[in-house]
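Undergrad: Below are the structure tokens for one structure; questions will follow.
2 protein chains.
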Amino acid sequence: MQTKIILPEARIPRQWYNIIPDMPGPLAPVIHPGTMQPVSPDDLLPLFPMPLIEQEVSTQRWIDIPQEVLEIYQLWRPAPMYRAHRLEKALATPAKIYYKYEGVSPAGSHKPNSAIPQAYYNKIFGTKRIATETGAGQWGSSISLACQMFGLECTVYMVKVSYNQKPYRKSMMQLWGAEVIPSPSNRTNAGRSILAQHPDSNGSLGIAISEAVEDAATRDDTRYALGSVLNHVCLHQTIIGLEAKAQMEMIGDYPDVVIGCHGGGSNFAGIAFPFIADKAHGKQVRVVALEPASCPTLTRGVYAFDYGDTAKMAPVSKMYTLGHDFMPPGIHAGGLRYHGASPLVSQLVHAGIVEARSVQQLACFEAAVQFARCEGIIPAPESSHAIRGAIDEALQAKEEGKEKTILFNLSGHGHVDMTAYDDYLAGKLNDYEYPAEEIKESLSHLPKVD
Amino acid sequence: MQTKIILPEARIPRQWYNIIPDMPGPLAPVIHPGTMQPVSPDDLLPLFPMPLIEQEVSTQRWIDIPQEVLEIYQLWRPAPMYRAHRLEKALATPAKIYYKYEGVSPAGSHKPNSAIPQAYYNKIFGTKRIATETGAGQWGSSISLACQMFGLECTVYMVKVSYNQKPYRKSMMQLWGAEVIPSPSNRTNAGRSILAQHPDSNGSLGIAISEAVEDAATRDDTRYALGSVLNHVCLHQTIIGLEAKAQMEMIGDYPDVVIGCHGGGSNFAGIAFPFIADKAHGKQVRVVALEPASCPTLTRGVYAFDYGDTAKMAPVSKMYTLGHDFMPPGIHAGGLRYHGASPLVSQLVHAGIVEARSVQQLACFEAAVQFARCEGIIPAPESSHAIRGAIDEALQAKEEGKEKTILFNLSGHGHVDMTAYDDYLAGKLNDYEYPAEEIKESLSHLPKVD
């Protein structure tokens, strides 16, 4: 009975898959937040190195992974894919459940898949220092690791409430040599202006993005890095799905449905895009994004132009959004609390190629606990959304008495999120349904783009 | 440049290696703490299931790993072996440094290698419930996972200071369905008698062992489980070294020196015993155990009969010991704070087959930080002792201008030990040298065995 499917070294992908040439129609332009006109590559140069700007708009289907990146990927890649025999048995389902596990990276999540190449391209482009933001710390820890490996300095603006309440990932960043600043801070105009109005502000991802962008834009030696949403981040993450496809091929199987959790879109794009490529060539495969009901961007937002951050300093993209000043409640799946979404994923949802569903927090933790007790691995709260989706598909297969092959991405482990499980097991967590009028209110602030 | 050496599935070991037939001379008897006479297998039956008692004294060199155990091992085994190219470069050493990484298990350490078979043998022998103790929680979390997988109940007596200060591993145990009791507790005579004298007692591993042993001995449905020290635990852990040998063979290399950290001896035995087997057949390989200077059992203790626990309820074994009432200071490598040692490892040290060295806390954290910044993986504080040993060997090779192949066991990750790194980076940690007169005092309490 095969449980773990190990990809032989000879089959490690040497290229990322760029979905842009296979998208259903042209990409919407990215709009400059100042001029409200389409951005040029040069507009982005204060924020990103040219190789990443080129990747952002590339129409080349396959992009070589640099040797220097492959060598670091090797520390945890190829990541294992598992057949969840014990979970299947517990569910008494005729479905086969597979999961790709990204928690084996040094940071414990899929984020290093993009942090490593981002640090690499910055290094070869001459960047000396990276400024970035982080919420719960998955991205911050990953980019700290990546900067350490390529000899770059790194400053992370970390949302203050997480800085104080989730100290373990802050400690990881420091261990990997990064400077970690609780945001809002006195280091930037954006931070100072918030602190002037709200000295006790707990911060938000939107504010932290504004601080990091300002830091990068105002220093010649520094560039900005983002851990999700952007096309080049989705590109780097496709290594997940490419490996999973090769692993499926090894065992002569293919998924009927591919599932990922969705926040900004990076892990979802990673597992999904290589299968969507097959779909474009006539393969029958459903692709499902699971998002939290407390931040229902894809299921209750609109497909429109909006700012990437609260302070309206980041570029304006066409995406599903709840409005740039939407404030989701503080759920444990901190990585899924973003008002917007990847423009690529958004376009695919809008075109009906990707299905989107929202799930409640309690149902996700219930799924995560069942998974941990069957399969051993403790999932990150974010990843629990994908597990919920997979279990629901498996239960539906049982009801219908149908065989079905399910693949989901287990994007990270939950070893540093144990307080979330404590709260769940102690009955302290609740579900949350966002009031329609509040979403309507934040959606009334979208920018006008011609 | 090959970084990760992946063992093909076909080469996963199907048997554990039992070192007993290859030991230098007969084993010393194990003594009953009540009668002070050698124990019989029947004496041990209230505590252990017969298959484990048989393994404890087996003279069969190879012991089959049950299929049910292999299927669960598959979740993280074969564990990867890495070549530490970046660390070698940072050290500018001519030595090659390899490390076997056991942090990929669901509990994040090597402990499930024995927890899974222990739960399995208890299950087939009819045990319904396991009672055990844990210090920092590595063992407690692993046996909780194992009991969950085989449908056994599990009660873990957790040293109270860790219960309060290291809540993440307690949460893991609860997530995997175990009952976790801060020790000393009101559940046992041993616990009640401590609490009567010291109501505010923080507990110790010795007390927690006494509570778990009493719990198991006084309930028909319950047996005891120990995560280190015993022969059958060392046996199960040999899967580590057997895999490492196969991985070395794959790349046509062989270590000049094999290094493990040493507390009770289980991870050390795991990496070392299969190489010691080669040594017995004339192979040139040094085998080195690294222990903390604050609990210097192998380097400053005596080789003598002593109790396994503080309350003198556990069997008496011939081993290196600092005395059963020795109280090591509270260091972050909680898993290495044991007054005794594996009798097998002790005999090998005494015979000069295994070298033992002690290292100070600060030098270990320095090594761990350098390792994390080069290789990415954040080591458990226990494992940092092995890293220190490996780096010292590599620096010596550099000094001597000699090539050398070094293999060490990275027994676990440090994701739930980040406060230790915080304390180190903040300069809050100190070294500690135990006063000779205090060791002399605790050694004056050894039992008399004819």
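Chains as they are written, first to last, in this note's numbering: chain Z, 1 to 450; chain S, 1001 to 1450. For each residue, glycine too, the CB sits at the ideal point set by N, CA and C. Keep in mind it's a predicted model, so treat the numbers as computed, not measured.
Is it buried or exposed for residue 1337/S, if we count other Cβ within 10 angstroms and need 16 for buried?
TA: Counting of Cβ neighbours within 10 angstroms places residue 1337/S among the buried residues, the total reaching 16 or more.
Undergrad: Counting only Cβ pairs nearer than 9 Å, list the residues of chain S close to residue 152/Z.
TA: Those within 9 Å of residue 152/Z in chain S number zero; the least Cβ separation is about 13 Å.
Undergrad: With respect to the beta strand (DSSP E) encompassing residue 1062/S, which residues constitute its N-terminal and C-terminal limits?
TA: Residue 1062/S -> beta strand (DSSP E) spans 1062-1064.
Undergrad: What are the residues in the region 360-371 of chain Z lying within 7 Å of chain S by C-beta distance?
TA: 369
Undergrad: When you compare the CB of residue 120/Z with every CB in chain S, is at least one pair closer than 8 Å?
TA: The beta carbon of residue 120/Z does not come within 8 Å of any beta carbon belonging to chain S, so the residue lies off that interface.
Undergrad: Measuring CA to CA, which of 1310/S, 1082/S, 1250/S is closest to residue 1204/S?
TA: 1310/S
Undergrad: Hey, quick one: how far does the beta strand (DSSP E) through residue 111/Z stretch, first residue to last?
TA: Counting along the chain, residue 111/Z falls outside any beta strand (DSSP E), and DSSP gives it neither H nor E.
Undergrad: What do you get for residue 455/Z, buried or exposed, if any count of 16 or more other CB atoms within 10 angstroms of its CB means buried?
TA: Because chain Z in this structure spans residues 1 to 450, residue 455/Z falls outside the shown range and cannot be described.
Undergrad: Taking only three categories from DSSP, how would you classify residue 1292/S?
TA: Residue 1292/S sits in a strand when the DSSP states are folded into three classes.
Undergrad: Residue 9/Z versus chain S: which residues are under 7 Å apart at the beta carbon?
TA: 1006
Undergrad: Is it buried or exposed, residue 1376/S, if we count other Cβ atoms within 10 angstroms and call 16 or more buried?
TA: Burial call: buried.
Undergrad: Going straight from the alpha carbon of residue 408/Z to that of residue 248/Z, what length do you get?
TA: 12 Å
Undergrad: If you reduce the DSSP assignment to three classes, tell me which class residue 302/Z lands in.
TA: strand
Undergrad: Taking residue 1375/S as part of the alpha helix (DSSP H), name the residues at either end of that continuous run.
TA: 1361-1375
Undergrad: Excluding the 5 residues flanking residue 423/Z on each side, which residues of the same chain have their C-beta closer than 8 Å to its C-beta?
TA: 332, 429
Undergrad: So is residue 389/Z buried or exposed if we call it buried at 16+ other beta carbons inside 10 Å?
TA: Counting Cβ neighbours within 10 Å, residue 389/Z comes out buried, since at least 16 surround it.
Undergrad: Are the C-beta of residue 1201/S and some C-beta of chain Z separated by less than 8 Å?
TA: no
Undergrad: Shorter than 8 Å from the beta carbon of residue 168/Z to some beta carbon of chain S?
TA: yes
Undergrad: Going straight from the alpha carbon of residue 322/Z to that of residue 178/Z, what length do you get?
TA: 32 Å
Undergrad: Using only CA atoms, which one of 288/Z, 316/Z, 175/Z lies nearest to residue 1426/S?
TA: 175/Z
Undergrad: Please report the distance separating the alpha-carbon of residue 1414/S from that of residue 1170/S.
TA: 15 Å
Undergrad: Should residue 1165/S go down as buried or exposed, given a rule of 16 or more other Cβ atoms within 10 Å for buried?
TA: exposed
Undergrad: According to the neighbour-count rule (16 or more other Cβ atoms, all chains shown, within 10 Å of its Cβ), is residue 1062/S buried or exposed?
TA: exposed
Undergrad: Decide if the region 1110-1124 of chain S is in contact with the region 1064-1077 of chain S; the criterion is three or more beta carbon pairs, one per stretch, under 8 Å apart.
TA: yes
Undergrad: Just to confirm, are residue 1004/S and residue 410/Z a CB contact at a threshold of 8 Å?
TA: no
Undergrad: Taking the alpha-carbon of residue 1268/S as reference, which of 1077/S, 1233/S, 1091/S, 1080/S has the nearest alpha-carbon?
TA: 1233/S
Undergrad: Does the distance from the C-beta atom of residue 266/Z to that of residue 227/Z stay below 8 Å?
TA: yes
Undergrad: Between which two residues does the beta strand (DSSP E) containing residue 1016/S stretch?
TA: 1015-1017
Undergrad: For residue 413/Z, which three-state DSSP category applies?
TA: strand
Undergrad: Would you mind working out which of 307/Z, 17/Z, 369/Z sits nearest residue 340/Z, comparing C-alpha positions?
TA: Each of 307/Z, 17/Z, 369/Z was checked against the Cα of residue 340/Z, and the nearest Cα belongs to 307/Z.
Undergrad: Residues of chain S with CB closer than 7 Å to the CB of residue 373/Z, please, in chain order.
TA: 1148, 1176, 1177
Undergrad: Does any C-beta atom of chain Z lie closer than 8 Å to the C-beta of residue 1425/S?
TA: Closer than 8 Å: yes.
Undergrad: Please state if the CB of residue 1156/S and the CB of residue 1181/S are separated by a distance shorter than 8 Å.
TA: yes
Undergrad: Quick one: which chain S residues come within Cβ less than 8 Å of residue 75/Z?
TA: What residue 75/Z touches in chain S, judged by beta-carbon distance under 8 Å, is 1003, 1004, 1082, 1375, 1376, 1377, going in chain order.
Undergrad: Any idea if residue 1045/S is buried or exposed, counting beta-carbon neighbours within 10 angstroms, 16 or more meaning buried?
TA: By the 16-neighbour rule on beta-carbons within 10 angstroms, residue 1045/S is exposed.
Undergrad: What ranges does the alpha helix (DSSP H) occupy inside the region 1136-1170 of chain S, keeping only unbroken runs of at least 4 residues that lie completely in it?
TA: 1138-1150, 1160-1165
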